[in-house]
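So the sequence shown is numbered by my numbering: it starts at 47 and just counts up by one. Glycine is no exception: its CB is placed at the ideal position from the N, C-alpha and C atoms. Single-structure report; data block below.
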Amino acid sequence: MFILARTISAIFEILNLLIIARVIISWVRPNPSDVRWRKVITYIYDITEPIIGPIRELLPSGGILGLDLSPLIALFALSIIRNFLINIII
Numbered sequence: 047m048f049i050l051a052r053t054i055s056a057i058f059e060i061l062n063l064l065i066i067a068r069v070i071i072s073w074v075r076p077n078p079s080d081v082r083w084r085k086v087i088t089y090i091y092d093i094t095e096p097i098i099g100p101i102r103e104l105l106p107s108g109g110i111l112g113l114d115l116s117p118l119i120a121l122f123a124l125s126i127i128r129n130f131l132i133n134i135i136i
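What follows is the structure, encoded as structure tokens:
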């Protein structure tokens, strides 16, 4: 059981890091014509879009003061789901 709980926790931690990386990428705006960056950005967006996309659709467009709060809500939701799953397992 402990190994399963650690695996679930690790998966959610990786998802959290990818969402944070996506936020940082949106601030930095690396050169999309660079093939290496394009592959990394595409990978991060492909992994995180199924999580952030539905949340973004539920929020009003433009967010609060033009800020997109969907990554913050996604991190909060992932934390709740992770804790719920680990409590069920343990």
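Decide if S72 is buried, meaning its Cβ has at least 16 other Cβ atoms within 10 Å, or exposed. So S72 counts as exposed.
Length of the line joining the Cα atoms of N62 and P78: Taking the straight line from one Cα to the other gives about 23 Å.
Beta-carbon contacts of I136 that lie in its chain and below 7 Å, excluding the five residues immediately before and after: In its chain, beyond the 5 residues on either side, M47, A51 have a beta carbon closer than 7 Å to the beta carbon of I136.
What are the start and end residues of the alpha helix (DSSP H) that includes I90? Run containing I90: 81 to 104, per the alpha helix (DSSP H) assignment.
Using the Cα positions of K85 and T94, report the straight-line distance between them to the nearest angstrom. So the alpha carbons of these two residues sit roughly 14 Å apart.
Quick check: the Cα distance between S55 and I132, rounded to an integer number of angstroms? Answer to the nearest angstrom: the Cα atoms are 8 Å apart.
Quick check on the burial criterion: 16 or more other C-beta atoms within 10 angstroms. Buried or exposed for S107? S107 counts as exposed, since fewer than 16 other beta carbons sit within 10 angstroms of its beta carbon.
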